[in-house]
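Visitor:
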Amino acid sequence: MKPERSPVEILIVEDSPTQALQLQHILEQQGYQTTIAANGVQALEAVHRRKPTLVISDVIMPEMDGYELSRRLKSEPGLANIPIILVTTLSDPQDVIRGLECRADNFILKPYDERYLLGRVQFVLVNREMRQTEQPGMGLEIYFNGERHFITADRLQILNLLLSTYEAAMQQNKELCTAQETLQRTNSELQQLTLELEERVLQRTQQLELINEALRQSEEQYKGLFDSAFDGVVVQQNRIIRSVNRAYAEMFGYNAEELIGRDILDLTPPEERDYVRSKIAEDQLVYETVGMKKDGTRINIEISANSCMYDGVPGRLAAVRDITERKLLEEQLRQSQKMEAIGQLAGGIAHDFNNLLTSIIGYSELTMKRLKPKDPLRQNIEEIKKAGNRAASLTRQLLAFSRKQVLQPKVLDLNAIVTDLEKMLRRLIGEDIDLRTMLEPKLGSIKADPGQIEQVLMNLAVNARDAMPYGGKLTIETKTVHLDEEYAKRHIAVIPGHYVMLAVSDNGIGMDEQTQARIFEPFFTTKEVGKGTGLGLSTVYGIVKQSGGNVWVYSEIGRGTTFKLYLPGVDEGAQQYKRTAETEEDIQGTETILLAEDEEMVRKLAREVLEMYGYRVLEAADGDEALLICEQHKQPIPLLITDVIMPGMSGRELSDRLVQLRPEMRVLYMSGYTDDAIVHQGVLDEGTNFIQKPFSTIALARKVRQVLQDRT
Numbered sequence: 128m129k130p131e132r133s134p135v136e137i138l139i140v141e142d143s144p145t146q147a148l149q150l151q152h153i154l155e156q157q158g159y160q161t162t163i164a165a166n167g168v169q170a171l172e173a174v175h176r177r178k179p180t181l182v183i184s185d186v187i188m189p190e191m192d193g194y195e196l197s198r199r200l201k202s203e204p205g206l207a208n209i210p211i212i213l214v215t216t217l218s219d220p221q222d223v224i225r226g227l228e229c230r231a232d233n234f235i236l237k238p239y240d241e242r243y244l245l246g247r248v249q250f251v252l253v254n255r256e257m258r259q260t261e262q263p264g265m266g267l268e269i270y271f272n273g274e275r276h277f278i279t280a281d282r283l284q285i286l287n288l289l290l291s292t293y294e295a296a297m298q299q300n301k302e303l304c305t306a307q308e309t310l311q312r313t314n315s316e317l318q319q320l321t322l323e324l325e326e327r328v329l330q331r332t333q334q335l336e337l338i339n340e341a342l343r344q345s346e347e348q349y350k351g352l353f354d355s356a357f358d359g360v361v362v363q364q365n366r367i368i369r370s371v372n373r374a375y376a377e378m379f380g381y382n383a384e385e386l387i388g389r390d391i392l393d394l395t396p397p398e399e400r401d402y403v404r405s406k407i408a409e410d411q412l413v414y415e416t417v418g419m420k421k422d423g424t425r426i427n428i429e430i431s432a433n434s435c436m437y438d439g440v441p442g443r444l445a446a447v448r449d450i451t452e453r454k455l456l457e458e459q460l461r462q463s464q465k466m467e468a469i470g471q472l473a474g475g476i477a478h479d480f481n482n483l484l485t486s487i488i489g490y491s492e493l494t495m496k497r498l499k500p501k502d503p504l505r506q507n508i509e510e511i512k513k514a515g516n517r518a519a520s521l522t523r524q525l526l527a528f529s530r531k532q533v534l535q536p537k538v539l540d541l542n543a544i545v546t547d548l549e550k551m552l553r554r555l556i557g558e559d560i561d562l563r564t565m566l567e568p569k570l571g572s573i574k575a576d577p578g579q580i581e582q583v584l585m586n587l588a589v590n591a592r593d594a595m596p597y598g599g600k601l602t603i604e605t606k607t608v609h610l611d612e613e614y615a616k617r618h619i620a621v622i623p624g625h626y627v628m629l630a631v632s633d634n635g636i637g638m639d640e641q642t643q644a645r646i647f648e649p650f651f652t653t654k655e656v657g658k659g660t661g662l663g664l665s666t667v668y669g670i671v672k673q674s675g676g677n678v679w680v681y682s683e684i685g686r687g688t689t690f691k692l693y694l695p696g697v698d699e700g701a702q703q704y705k706r707t708a709e710t711e712e713d714i715q716g717t718e719t720i721l722l723a724e725d726e727e728m729v730r731k732l733a734r735e736v737l738e739m740y741g742y743r744v745l746e747a748a749d750g751d752e753a754l755l756i757c758e759q760h761k762q763p764i765p766l767l768i769t770d771v772i773m774p775g776m777s778g779r780e781l782s783d784r785l786v787q788l789r790p791e792m793r794v795l796y797m798s799g800y801t802d803d804a805i806v807h808q809g810v811l812d813e814g815t816n817f818i819q820k821p822f823s824t825i826a827l828a829r830k831v832r833q834v835l836q837d838r839t
């Protein structure tokens, strides 16, 4: 859990716009508020207007450099307590000395990475807070020049730099001594060299005093910085934990005191321990593994480890991050991409079969109409028709899964659909299953195709029935919910907002995680061969996705399964919903119909059906031929029936051109696949007449009669 922090305002002083914007982006990603000044003069003006929490300044700038800016800020009583970090390439150790003389609080060395920069900023902010509260710190104990000091990793860089400067000074002292021996003949020259040597020693002594002060400040801030790190940090020696920060302890559900002295493998599941042992043997690495919390819960973790010294003994320092949520989202993304790829394949197959099935079903019906009831061939033709209808049902389910079906949405009250289907569902699931409904009284509206929502409910009910072979309880629940940003982060493809939830729960046999991962794939089934197609739940998935919603499954072996569907809510009043059965009507006609279809079998079938019902048919194999027929035929043509997808000219392009020639002409589109020419994201344009392939002969005749009657 990341600690809460008050807003921090940081003034960036940088004459390079590119580097200033890069630094601003890194800081604002961490929640800091920033402003930018191009040089020291602008920075002083900005500070007087609004006092920042921290100043980060480049050293080399026009008009006023970083040293002068630091000196000016520290010399004003009201501004002296503002910490300042100088950004330098450190080409000369004197840069640090000069910065310390100007009372700069810390340094950032170019080039820097994001973690290094944020670590410096956190260190200075914690240092500022600790100075204000006067809290003592804890750190790493060393002995230097016979004195006891505490240092942290953040100050070692400055210490090494200044110690190198000190060694250089000692070398210079040796050279001066040699010069003194060779120049003893001249006392005045020897005295001058001695004075220079004393001055240099004095300067180096002052530098060492500055180092001691920096070490003391680092010692006070070490524990605060260690505990305030967002990631877990652990120090271990020979696998024994020596030190942890608060974030690490909370990650595994312990207090820090409980972890000290324990084997690091105690926080690793047994099946991962050999792998972790092998990684510990390596010197420096980043790897992912599984951790085990105090209550036994498994979490995915990322470890970045390095060798270190702790209390003078070699050890290992590791930063540990909980990536469980990230792993979950990655798995959801992979599953979504797999389902999308399968859907594209399934949709393409369904499209190719629809034209064939239209001919099979249509010619079967035409043949049966011409056979006598007791004709021995009639039963064979009926079986062909049944097989065609079953195949058509499969293609419809494939189109539903691949989100390639054509929807005709309406604003619906989901409660009305559940209530209307309840009697049918009770007959469907059987008497040994108790069906209960929990419907929210003031449920929000949704916009969906009512027939498709009915299909979803029936498929889920059948699936629940099959999961309870010895009876049980089936619960259907509706509820208005709000999915917030936090929920959306944990569930890929979810957009925060108001939704209507439909939950279907059973107390059946349940599913394991492996089954749940594949439950929506087409043709995947846990049933015996011949007991199911494996398309029921894939159809549910496709319908919900095409309707703009999401579906999630929760299941445990022996405890049952719950499917939760979230459909976007709409701020419109629901239209009255009632399922109506088809009735026989007069579907004969005498009008002239222009038929455009590139598939010869479908075209011949449609012509034969229409002529059987009394219509006169003008037949065209493509758009160009249809245009020519329309120009040559001088009598009225009340209706154009056209396939949506044709080579050369699409059905929509053909209808647009013909309607200009004959404004009174109505258009009926037919297709076995969605197409952008007449639909948008699978939703039919309002006022568009459409019949889905494959269709029966009676369905075509009724649709044609309906379109022609609407014209009058």
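Here this note's numbering is used: the first residue of the sequence shown is 128, the next is one more, and so on.
Just so you know, even glycine gets a beta-carbon here, dropped at the ideal spot from N, CA and C.
Taking 8 Å as the limit between beta carbons, can you name the residues of its chain near Glu88, skipping five residues before and five after?
Guide: A query on residue 88 cannot be resolved here, the shown segment of the chain reaching from 128 to 839 and no further.
Visitor: Report, in whole angstroms, the separation of the C-beta atoms of Gly359 and Ala374, which I expect to be a contact under 8 Å.
Guide: About 5 Å separates the two Cβ atoms, so the contact holds.
Visitor: Look at the alpha carbon of Thr494 and the alpha carbon of Leu795, and state the distance between them as a whole number of angstroms.
Guide: Thr494 and Leu795: Cα-Cα distance of roughly 25 Å.
Visitor: Quick check on Cys757: does DSSP put it in helix, strand or coil?
Guide: Residue state, collapsed to three classes: helix.
Visitor: Specify the secondary structure class of Gln647 as computed by DSSP and reduced to three states.
Guide: Note on residue identity: the sequence assigns Phe, not Gln, to residue 647. The answer is coil: DSSP assigns Phe647 none of H, G, I, E or B.
Visitor: Does Tyr614 pass the burial test, meaning 16 or more other C-beta atoms within 10 Å, or should it be called exposed?
Guide: Tyr614 is exposed by the Cβ-count criterion.
Visitor: Identify, in the order they occur along the chain, each residue of the same chain with its Cβ nearer than 6 Å to the Cβ of Asp281, setting aside the five sequence neighbours on each side.
Guide: Residue confidence for Asp281 is low, a pLDDT of 44 falling below 50, so the modelled location carries little weight and cannot support an answer.
Visitor: Label Lys499 either buried or exposed according to how many other C-beta atoms from any shown protein chain fall within 10 Å of its C-beta, with 16 as the threshold for buried.
Guide: Exposed, because fewer than 16 other Cβ atoms sit within 10 Å of the Cβ of Lys499.
Visitor: Quick check on the burial criterion: 16 or more other C-beta atoms within 10 angstroms. Buried or exposed for Gly657?
Guide: Note that Gly657 scores 45 on pLDDT, short of 50, meaning its location in the model is unreliable; the coordinates nonetheless yield the value given after this. By the 10 Å Cβ count, Gly657 comes out exposed.
Visitor: Enumerate in chain order the residues of its own chain whose CB-to-CB distance from Thr564 is below 7 Å, with the five nearest sequence positions on each side excluded.
Guide: The residues are Val545, Glu549 and Ile603.
Visitor: What do you reckon, are the CB atoms on Val413 and Pro396 nearer than 8 Å?
Guide: Not closer than 8 Å, so no.
Visitor: Applying the 10 Å Cβ sphere with the 16-neighbour rule, what's the burial state of Pro189?
Guide: By the neighbour-count rule (16 or more Cβ atoms within 10 Å), Pro189 is not buried but exposed.
Visitor: For Ala733 and Thr607, what's the separation of their Cα atoms in angstroms?
Guide: For Ala733 and Thr607, the distance between alpha carbons rounds to 46 Å.
Visitor: In chain order, what residues of the same chain have a beta carbon less than 8 Å from the beta carbon of Ile450, not counting five sequence neighbours either side?
Guide: The answer, listed in chain order, is Glu415, Asn427, Ile428 and Glu429.
Visitor: Kindly give me the distance between the Cβ atoms of Leu847 and Ala173, rounded to whole angstroms, as I take these residues to be in contact under 8 Å.
Guide: Residue coverage of the chain in this structure runs from 128 to 839, which leaves residue 847 outside it and unanswerable.
Visitor: Can you tell which of Ile772, Asn634, Ile825 and Ile720 has its C-alpha closest to the C-alpha of Glu791?
Guide: Ranking the options by Cα distance to Glu791, first place goes to Ile720.
Visitor: Between Glu727, Pro695, Glu735 and Arg743, which has its C-alpha nearest Glu718's C-alpha?
Guide: Nearest option by C-alpha distance: Arg743.
Visitor: Suppose the cutoff is 7 Å on Cβ atoms and the five residues either side in sequence are ignored; what does the same chain contact list for Lys421 look like?
Guide: Only Phe379, Gly380 and Tyr381 meet the Cβ criterion.
Visitor: On a Cα-Cα basis, can you pick out the residue from Ala644, Glu683, Val440 and Pro821 that is closest to Val729?
Guide: Ranking Ala644, Glu683, Val440 and Pro821 by Cα distance to Val729 puts Pro821 first.
Visitor: Who are the Cβ neighbours of Ile684 in its own chain at under 8 Å, not counting the five residues just before and after it?
Guide: Here the set comprises Ile636, Gly637, Met638 and Asp639.
Visitor: Hey, could you find the ends of the beta strand (DSSP E) Ser798 is sitting in?
Guide: It spans Arg793 to Ser798 - the beta strand (DSSP E) in which Ser798 sits, taken as one unbroken run.
Visitor: Report the rounded CA-to-CA distance for Thr485 versus Gln715, giving the unit in angstroms.
Guide: Using only the alpha carbons, I get a separation of about 21 Å.
Visitor: Between Gln262 and the rest of its own chain, which residues show a CB-CB distance below 6 Å, the 5 nearest in sequence each way excluded?
Guide: Summary for Gln262: the model assigns pLDDT 45, below 50, so the residue's position carries little reliability, and this model does not support an answer.
Visitor: To the nearest angstrom, how far is it from the Cα of Leu394 to the Cα of Met419?
Guide: Near 5 Å, if we compare the C-alpha coordinates of Met419 and Leu394.
Visitor: Thinking C-alpha only, which one of Ser202, Ser184, Ser682 and Leu722 is nearest Leu244?
Guide: Among Ser202, Ser184, Ser682 and Leu722, the Cα nearest to that of Leu244 belongs to Ser184.
Visitor: Can you give me the Cβ contacts of Asp803 inside the same chain, cut-off strictly under 7 Å, excluding the 5 residues immediately before and after it?
Guide: Residue placement at Asp803 is poorly supported in this model, since its pLDDT is 47, which falls under 50; the coordinates still yield a value, given next. Cβ neighbours of Asp803 beyond the five flanking positions: none.
Visitor: Does chain D have any CB closer than 8 Å to the CB of Arg829?
Guide: Structure shown: chain D not included; a single protein chain is present.
Visitor: Excluding sequence positions up to five away, which residues of its chain have a Cβ less than 8 Å from the Cβ of Arg553?
Guide: These residues qualify, in order along the chain: Leu562.
Visitor: Rounded to the nearest angstrom, how far is the Cβ of Arg230 from that of Tyr194, given a contact under 8 Å?
Guide: In fact, because the Cβ distance is near 10 Å, the residues do not count as touching under 8 Å.
Visitor: Verify whether the separation of the beta carbon atoms of Glu136 and Ile163 is less than 8 Å.
Guide: Not in contact: Glu136 and Ile163 (Cβ atoms no closer than 8 Å).
Visitor: Taking the beta carbon of Val440 as the centre, do at least 16 other beta carbons fall within 10 Å, making it buried, or is it exposed?
Guide: Under this definition Val440 is an exposed residue.
Visitor: Going by CA-CA distance only, name the one from Gln762, Glu727, Met739 and Asn233 that's closest to Glu746.
Guide: Answer by Cα proximity: Glu727.
Visitor: State buried or exposed for Asn677, treating a residue as buried only when at least 16 other CB atoms are found within 10 Å of its CB.
Guide: Asn677 is buried by the Cβ-count criterion.
Visitor: Do Leu213 and Phe234 have their beta-carbon atoms positioned less than 8 Å apart in this structure?
Guide: The answer is yes: Cβ separation under 8 Å.
Visitor: State the DSSP-derived secondary structure class of Val543, mapped to helix, strand or coil.
Guide: For clarity, residue 543 is Ala in the given sequence; the question names Val instead. Reduced to three states, the DSSP call for Ala543 is helix.
Visitor: What number of angstroms, rounded off, separates the C-alpha of Thr161 from the C-alpha of Val248?
Guide: Those two C-alpha atoms are separated by around 13 Å.
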